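Engineer: This is the structure I want to talk about, given as structure tokens.
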Amino acid sequence: MLAASRPDERDYVLFVSNATGWRSHARLATTAMLDALRKMTPIVSEASNLPDAHACNRWNVLYYTERGSLKVSLATAALRRSLSLATPSRETYRAWDEAHYHRCRAWTLWNDDRRDDAHLAASHAMSMLRDAAPGQDIDENDSLRLADSIIEYLPDELPVIEEQWRCLTASWALPRRREIDMRIARLDACARHAKGDLSGAIERCADARHSLELFGPEATTSSSITRRG
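Right, dumping it as structure tokens:
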């Protein structure tokens, strides 16, 4: 198949041929799956033509392996990062893609009890948005999504996150700024819980219950905090 392909198709054919073997191992042999993932990443990085990189990045099996064992999860995150970089249409979303990459690493490392490494990865994720280059398509909702997903790893960074949000939303109308107050209270509850202050987290939930949005954000209630404990 590779020999019969045109020169401008060979990168993609080589990638897919490796991907086919990898997908067949995705729920079976970890060693074989890891080997295939590691072969695919340099193919993407060095490819001169990979037209379906974005479509490949959306394969459902990637979401599965990204939540796998430590080595498989980190290898999947690296592959998805390479696929994003190989997608020209993602040029204005590089900052978000990099933040997502480091966020995935933080989740994996945290769940492997590598807490210091998880803190570092989460800090990198924050810096990707905070220091995004001009022209990057980043807004306050991206910061909200990222903060929600990493506050457990960086509970002491809440003041920094809050300051960033206040700057991004300073021009909002009062009702929308009130929504930010509620979201900050919600994050504060999660941060307190992460630091072992369960009673303080439950108390802070009183300010996080009321949303002006139609369906509200993801609910943070005293019962959910208690269950997490």
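Numbering (my numbering) for the sequence shown: 974 to 1202. A virtual CB, placed ideally from N, CA and C, is assigned to each residue, including glycine. This one's a predicted model, so the numbers in the text were calculated from it and none came from an experiment.
Mind checking whether Leu1205 and Ile1123 have CB atoms under 8 Å apart?
Structural biologist: The first residue shown for the chain is 974 and the last is 1202, placing residue 1205 beyond what the model contains.
Engineer: Which residue's Cα is closest to the Cα of Asp1110: Arg1149, Ile1016, Arg1078 and Arg1063?
Structural biologist: In the sequence shown, residue 1110 corresponds to position 137, counting from 1. Of the candidates Arg1149, Ile1016, Arg1078 and Arg1063, the one whose C-alpha sits nearest the C-alpha of Asp1110 is Arg1063.
Engineer: Could you give the uninterrupted runs of the alpha helix (DSSP H) lying entirely in the region 1120-1193, keeping only those of 4 residues or more?
Structural biologist: 1131-1141, 1147-1167 and 1171-1177
Engineer: Please state if the CB of Met1155 and the CB of Ala1181 are separated by a distance shorter than 8 Å.
Structural biologist: As a working mapping, residue 1181 is identified with position 208 in the sequence shown. As a working mapping, residue 1155 is identified with position 182 in the sequence shown. Contact flag set, yes.
Engineer: In three-state DSSP terms, what is Ser1042?
Structural biologist: Residue mapping note: residue 1042 aligns to position 69 of the sequence shown, counting from 1. DSSP, read as helix, strand or coil, puts Ser1042 in coil.
Engineer: Closer than 7 Å by C-beta to Pro1128: which residues in its own chain qualify, once you throw out the five before and the five after it? Chain order, please.
Structural biologist: Along the sequence shown, one-based indexing puts residue 1128 at 155. Excluding sequence positions up to five before and after Pro1128, its CB lies within less than 7 Å of the CB of Ala1164, Ala1167 and Lys1168, all in the same chain and listed in chain order.
Engineer: Alpha helix (DSSP H) containing Tyr1066: first to last residue?
Structural biologist: By 1-based counting over the sequence shown, the position of residue 1066 is 93. Premise fails: Tyr1066 is in no alpha helix (DSSP H) and is neither H nor E.
Engineer: Give the straight-line distance between the Cα atoms of Asn1114 and Leu1141, rounded to the nearest whole angstrom.
Structural biologist: If you number the sequence shown from 1, residue 1114 lands on position 141. If you number the sequence shown from 1, residue 1141 lands on position 168. Spanning the two alpha carbons is a distance of roughly 10 Å.
Engineer: Please list, in chain order, all residues of the same chain as Arg1076 whose beta carbon is under 8 Å from its beta carbon, the five residues on each side excluded.
Structural biologist: Numbered from 1 along the sequence shown, position 103 holds the residue referred to as residue 1076. Closer than 8 Å at the Cβ level, and outside the excluded window around Arg1076, lie Ala1094, Ala1095, Ala1098, Leu1119, Ser1122 and Ile1123.
Engineer: Apart from the five residues just before and just after Leu1043, which ones in its own chain have a Cβ nearer than 7 Å to its Cβ?
Structural biologist: Taking the sequence shown and counting its residues from 1, the one referred to as residue 1043 is at position 70. Excluding positions up to five away in sequence, the list reads Thr1081 and Asp1085.
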